[in-house]
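**Q**
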Amino acid sequence: MVFNEDSRVKIPSILHLMQLGYQYLSLKDNTWDEGTNIFTEIFHKQITAINNGISHTDIQKVYDEVSLSLENEDLGRAFYHKLIDQSGIKLIDFENFEENNSFHVVTELPYQKDDENFRPDIILLINGMPLVFVEVKKPNNRDGILAEHKRMQTRFQNKKFRKFINLTQLMVFSNNMNYSDDDSQMLEGAFYSTTNYYKPSFNYFREEETFDLQTILQPITEDEENFVLKDTNLLSIKNSQEYTSNKNPNTATNAISTSLFQKKRLKFLLQYAFAYVEEEKGLEKHVMRYPQLFATKAIEKKLEKGIKKGIIWHTQGSGKTALAYFNIKYLTDYYQKKSIIPKFYFIVDRLDLLTQAAKEFTARGLVVHKIDSREAFTKDIKSTEVIHNSSGKAEITVVNIQKFKDDPDVIKNNDYNLSVQRVFFLDEVHRSYNPKGSFLANLELADTHSIKIGLTGTPLLGNEYNSKTLFGDYIHKYYYNLSIKDGYTLRLIREEIETNYKLALQKTLEEIKILQGNTDKKKVFAHYKFVEPMLDYIVKDMEQARIAMSDNSIGGMVVCDSSDQAKMMFDIFQENYADKTEPNLNLAAEEPITYTTKKKEASDVKTAKVILHDIGTKQERKDWVADFKAGKLDFLFVYNMLLTGFDAKRLKKLYIGRKIKSHNLLQTLTRVNRTYKNHKYGFVVDFADIQKEFEKTNQDYFNELQSELGDEMQHYSNLLKPEHEIKDEIEEIKDILFKFNTVNATVFGEQISEINERTEIRLIAKALNNAKELYNLIRLSGNFELLEKLDFRKLSVLSRLTNDRLALINTKIALENNVGTDNILNTALEDVIFAFTKVKEEEMVLADELKNTLQRTREMLGGNFDQKDPIFVSLKEELERLFKKKNLSEVTKEEMEANIKALNDIYDKAKKLERENQLLKAKYDYDAKYARIHKRLMEKDPLTESERKLFDALMGLKSAVDKEIMQNSKILENESYVERMVMRLVVNQFKKEQHIDINTTDVKRINSIIVKEYMNEYNGYVA
1 MVFNEDSRVK IPSILHLMQL GYQYLSLKDN TWDEGTNIFT EIFHKQITAI
51 NNGISHTDIQ KVYDEVSLSL ENEDLGRAFY HKLIDQSGIK LIDFENFEEN
101 NSFHVVTELP YQKDDENFRP DIILLINGMP LVFVEVKKPN NRDGILAEHK
151 RMQTRFQNKK FRKFINLTQL MVFSNNMNYS DDDSQMLEGA FYSTTNYYKP
201 SFNYFREEET FDLQTILQPI TEDEENFVLK DTNLLSIKNS QEYTSNKNPN
251 TATNAISTSL FQKKRLKFLL QYAFAYVEEE KGLEKHVMRY PQLFATKAIE
301 KKLEKGIKKG IIWHTQGSGK TALAYFNIKY LTDYYQKKSI IPKFYFIVDR
351 LDLLTQAAKE FTARGLVVHK IDSREAFTKD IKSTEVIHNS SGKAEITVVN
401 IQKFKDDPDV IKNNDYNLSV QRVFFLDEVH RSYNPKGSFL ANLELADTHS
451 IKIGLTGTPL LGNEYNSKTL FGDYIHKYYY NLSIKDGYTL RLIREEIETN
501 YKLALQKTLE EIKILQGNTD KKKVFAHYKF VEPMLDYIVK DMEQARIAMS
551 DNSIGGMVVC DSSDQAKMMF DIFQENYADK TEPNLNLAAE EPITYTTKKK
601 EASDVKTAKV ILHDIGTKQE RKDWVADFKA GKLDFLFVYN MLLTGFDAKR
651 LKKLYIGRKI KSHNLLQTLT RVNRTYKNHK YGFVVDFADI QKEFEKTNQD
701 YFNELQSELG DEMQHYSNLL KPEHEIKDEI EEIKDILFKF NTVNATVFGE
751 QISEINERTE IRLIAKALNN AKELYNLIRL SGNFELLEKL DFRKLSVLSR
801 LTNDRLALIN TKIALENNVG TDNILNTALE DVIFAFTKVK EEEMVLADEL
851 KNTLQRTREM LGGNFDQKDP IFVSLKEELE RLFKKKNLSE VTKEEMEANI
901 KALNDIYDKA KKLERENQLL KAKYDYDAKY ARIHKRLMEK DPLTESERKL
951 FDALMGLKSA VDKEIMQNSK ILENESYVER MVMRLVVNQF KKEQHIDINT
1001 TDVKRINSII VKEYMNEYNG YVA
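Under UniProt numbering, think of the first position of the sequence shown as 1, with each following residue one higher.
1. Can you round the beta-carbon distance between residue 1039 and Lys-935 to whole angstroms, since I take them to be within the 8 Å contact cut?
2. Assuming the contact rule is C-beta atoms closer than 8 Å, Ile-752 and Arg-805 should be a hit. Round their C-beta distance to whole Å, please.
3. Indicate the three-state DSSP secondary structure (helix, strand or coil) for Ser-550 in the structure shown.
4. Along the alpha helix (DSSP H) that carries Ala-358, what are the first and last residues, could you check?
5. Taking the C-alpha atoms as reference points, what is the distance between Tyr-930 and Arg-650?
6. Measure from the alpha carbon of Ile-45 to the alpha carbon of each residue in Gln-60, Asp-427, Glu-34 and Thr-36, then state which is nearest.
7. Where does Gln-619 land, buried or exposed, given buried means 16+ other C-beta within 10 angstroms?
8. For Ser-339, which of helix, strand or coil comes out of DSSP?
9. Tell me which residue opens and which closes the alpha helix (DSSP H) that Thr-261 is part of.
10. What's the C-alpha gap between Asn-776 and Val-684?
11. In whole angstroms, give me the CA-to-CA distance for Lys-267 and Lys-329.
12. Who are the Cβ neighbours of Ile-54 in its own chain at under 7 Å, not counting the five residues just before and after it?
13. Use the C-beta contact count for Ala-602: other C-beta atoms within 10 angstroms, 16 or more gives buried, fewer gives exposed.
14. What residues match up with Asp-427 in a beta bridge as DSSP calls it?
15. Report back the beta-carbon spacing between Met-557 and Leu-636 to the nearest angstrom; my notes put them in contact at under 8 Å.
16. Taking 8 Å as the cut-off, does the region 153-168 touch the region 62-74 (at least 3 CB pairs, one atom from each stretch)?
17. What three-state label does DSSP hand Phe-872 in the structure shown?
18. Going by the DSSP bridge assignment, what does Asn-117 pair with across the sheet?
19. In whole angstroms, what separates the C-alpha of Glu-208 from that of Phe-294?
20. Using 8 Å as the cut-off, can you tell me whether the region 963-979 makes contact with the region 903-911, which would need three or more C-beta pairs spanning the two stretches below that distance?
21. Compute the beta-carbon to beta-carbon distance between Val-136 and Ser-13, rounded to the nearest angstrom, for a pair I have assumed lies under 8 Å.
22. Just to confirm before moving on: does the CB-CB distance between Asp-686 and Glu-495 stay below 8 Å?
23. If Thr-607 and Asp-634 are in contact, beta carbons under 8 Å, what's the gap, nearest whole angstrom?
24. Residues in the same chain with beta-carbon distance under 7 Å from Leu-943, minus the five sequence neighbours each way, listed in chain order, please.
25. Helix, strand or coil: which one does DSSP assign to Ser-781?
26. Residues in the same chain with beta-carbon distance under 6 Å from Asp-579, minus the five sequence neighbours each way, listed in chain order, please.
27. Considering only their Cβ atoms, is the gap separating Ala-745 from Leu-669 smaller than 8 Å?
28. Distance check for Ser-450 and Ile-220, CA to CA, integer angstroms please.
29. Identify, in the order they occur along the chain, each residue of the same chain with its Cβ nearer than 6 Å to the Cβ of Ala-363, setting aside the five sequence neighbours on each side.
30. Throw me the rounded Cβ distance for the Ile-312 and Gly-454 pair, which I believe falls under 8 Å.
31. Looking at C-alpha atoms only, which residue of Thr-332, Gln-19 and Ile-371 is the closest neighbour of Leu-217?
32. Between Met-983 and the rest of its own chain, which residues show a CB-CB distance below 7 Å, the 5 nearest in sequence each way excluded?
33. At 4 residues or longer, and completely inside the region 303-331: list those alpha helix (DSSP H) runs for me, N to C.
34. Using CA coordinates, which residue listed in Asn-756, Glu-916, Val-9 and Ser-339 is at the minimum distance from Asn-246?
35. Would you kindly work out how many angstroms separate the C-alpha atoms of Glu-224 and Leu-25, rounded to a whole number?
36. In this structure, does DSSP put Gln-421 in helix, strand or coil?
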């Protein structure tokens, strides 16, 4: 059985949404504003209903304001504020969400401006506004959800779709498959996202609550189901087994719909789950990650039970500052419903963390009040004012307790204002909160009614005291394993330094001891004779990593043994590696630097800064850190600073030069676990032999988890990738490459050029495409002899050669296979054929234009519902001809220019064909079957000169056949019966009703075409 995404995923999902309380609307019976896709009649009716006494003039004014706000280049921020505003004219009634608002579901609503359009599979309307859409694909579709990700990225960058993007709040992308533990590319499953002008971020959703589906899902009648099937021209699938199976509420698409779109959950998401964030690269819109959602709900449950303190244990990199922001939004409403005004605090223990937290909250639109002294904190605690700003905006007070955490004086506040509720978020509750100190006691006595929520990624563990003893039980937990599976953090790989380097260091240490006698180890490790070879190793390793990972933007950080070593390392770096060249204006006549040379130079490490408390001013240190985050510095040398709370996504190599203990070690290691581009790992180069300390620390966490989880221990495992996994992978790679010459790239290229089997070449490509981590995996495993046999610098070359071969095989199959239409039009052909190397800048620009032109041409042809049309066939053949004739890596500039011209011609013709097809399809109530039947009967030996008479006959036939199927859809299980039935109806409609003169041969021809269409639809075959 061949699956069809419409009948096997889309229609069952629409029926499931109807069970969740969404009313199905037919686009045939409704109108909407094509500029916004808002259903204006529903909008006006609902705005009238939820705003007592509003006039028609005021409603129109509101609509005009909404429409105008959607034109902003603000990702819909102005519209979103209008959407959730409950103080003036309401667009949604959140107080009586389920009772007073309307909920509709439609399918294939065109999002169109000028000649650009796309049609989401499922759209949810709230009060007539299309706030949600769902895109579905059949299971095991080519490229999985990644294909949809690419399509959405292209659409979101298209300014013609600005209004629709600004209006949309939530999106789901699903190929109706369960999540796979082995899938790191989001190929399988149902994912959710919010909008972005560049690239939407897809998120997993793992439901943590148990639903009573008998209560949540309301049964729909057979008439309602029939109406949907008839409206979508899919009556024939009603009794097919696959369709029935996919109506199961536990399929991936239906499950995520229950999680996100049941009305109570959707209300929560619309009100509280979005944040507009001013990032360095511009405005972004973020949606709550599912652990943040469930943590927020868990906090509410604790508060309802009267519990005033607890811990959120979410692994580093999972967004704890964002969690605090979302809770400020949610808890503000929670307390205001109780006539209590909340006042929020975020407690940190370092000045740099105060600065960072303040920046994060400001970026999300909060007004931030900073406190950095005991006196200011005392004054604030005693104040009954909830906010310090005059605008009335939401506010948070960020407090740095570093200078007064051990102050024994109690901050007393006897003037309690019971209408004010203080909520303290205490960041990183694994440090600075010693119960033998005074801050916790002071905080408790300052306001005994306050709420204290501890945030940590690595709870403080130990027998004497631990985080749970200090702050209460865990409110919510989210561990490394899930965070890694969900793509929010990376696994780490620990690299031992190479044996020959260890020996060289030992020799150097002996020389220093001879020179200086039995001196302090810290002085020895800061000696230039020790530091210089260490730095040389680090710089070469970093440059090698950039080449291996094909990414020159990654940065490194060195955790030094002492501040003196950090200073010495920086001095030597400046002397030996820093870029001292100045631009020479007299070099204009020299030969231009080649592209390859530029790439090599780009991997060189040339810039660094040392971050120590006694180097530079506070502002200078702040600027240096910002420069590193922005990619302006290659290295940072540190001692104690930046080991915790420092987030730089591009930091992918961490060099550990000293022993770090317990939770501080995990904090330091996870500086490199942030996601960045397509990197799968963060790397820790171990000069200090941290393995034993890590194992001890990790055992403490295992013990803690054992007491927390009991038999659920399988949900947590080592943060570091186990050594046996790495060894197994290396052995597999060795076996795969064994037969080939991996020393001589030319010979290797000749060898793989003899391979024509796609399966075999894919296996080689898979091994070589691990180049980003292969070098580090080999070093970690200790198989250094492999480095001598396999020149790592050639790995990227061998990988490119193999990918080129695979691309050519794919293209050849796509262009020559009998079912090539599906391959050439429904896969990203442009990604396959543009694997060739682009050398000159002008050719790169031209190639990008060619790629974009090919993409829009392919998509225009790919959307055609009648791929047997002679015009379509000729256009497809012309597309094939352009890319079938020669080695794609040899396409010249002139050929690219000619191809662009040819593609534009194909695109224009395909666009005209698509317009004519859509007009005909609309005549048949958007039933593509009958549009195809109409065209086949007009192409060769037309039955009548009057196209209108043919239409009348076919529409009558459609009505009669659909009536028979509606009465008994099981008839499609018997094709012979269908043939006899349709033949009778054909004769009746054509001869008796429309008086079209047809003979027995004509009847058989018409009958064959119609029956084939219905049986294809029933069996799920794509036309």
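Don't be surprised by glycine CBs; every beta carbon is placed ideally from N, CA and C. The model shown is predicted, which means the values in this text are computed figures rather than measured ones.
**A** This is what the structure gives:
1. Past the edges of the chain, shown from 1 to 1023, lies residue 1039, and the structure says nothing about it.
2. 5 Å
3. coil
4. From DSSP, the alpha helix (DSSP H) with Ala-358 extends over 351-363.
5. 55 Å
6. The residue you asked about is not Ile; residue 45 is Lys in the sequence shown. Out of Gln-60, Asp-427, Glu-34 and Thr-36, the CA that lies nearest to the CA of Lys-45 is found in Gln-60.
7. exposed
8. coil
9. For the sequence presented, residue 261 should be read as Phe rather than Thr. Its alpha helix (DSSP H) spans residues 252-261.
10. Note that Asn-776 has pLDDT 48, beneath the 50 cutoff, so the model's placement of it is unreliable and no number is given.
11. Spanning the two alpha carbons is a distance of roughly 14 Å.
12. For Ile-54, where only same-chain residues beyond five positions count, the Cβ hits under 7 Å are Ile-47, Thr-48 and Ile-89.
13. Flag for Ala-602 reads exposed.
14. Leu-455
15. 5 Å
16. Using a Cβ-Cβ distance cut-off of 8 Å, the region 62-74 and the region 153-168 are in contact, since at least three pairs of beta carbons, one from each stretch, lie closer than that value.
17. helix
18. Gln-112
19. In this structure, the alpha-carbon of Glu-208 lies about 7 Å from that of Phe-294.
20. no
21. 6 Å
22. yes
23. 5 Å
24. Leu-937, Leu-950, Ile-996, Ile-998 and Asp-1002
25. Interpretation of Ser-781 is limited by its pLDDT of 41, a score under 50 that renders its predicted location unreliable; the figure taken from the coordinates is listed afterwards. In this structure, Ser-781 counts as helix in the three-state DSSP scheme.
26. Lys-606
27. no
28. 48 Å
29. Scanning its chain for C-beta atoms nearer than 6 Å, with the 5 sequence neighbours on each side dropped, one finds around Ala-363 the residues Val-277 and Glu-278, in chain order.
30. Ile-312 to Gly-454, Cβ: 7 Å. Contact.
31. Gln-19
32. Taking Met-983 as the centre and dropping the five residues before and after it, the same chain places the C-beta of Val-1003 and Asn-1007 closer than 7 Å to its C-beta, in chain order.
33. Counting only unbroken stretches of 4 or more residues, no alpha helix (DSSP H) element lies wholly within the region 303-331.
34. Val-9
35. 11 Å
36. In the three-state DSSP reduction, Gln-421 falls in the strand class (E or B).
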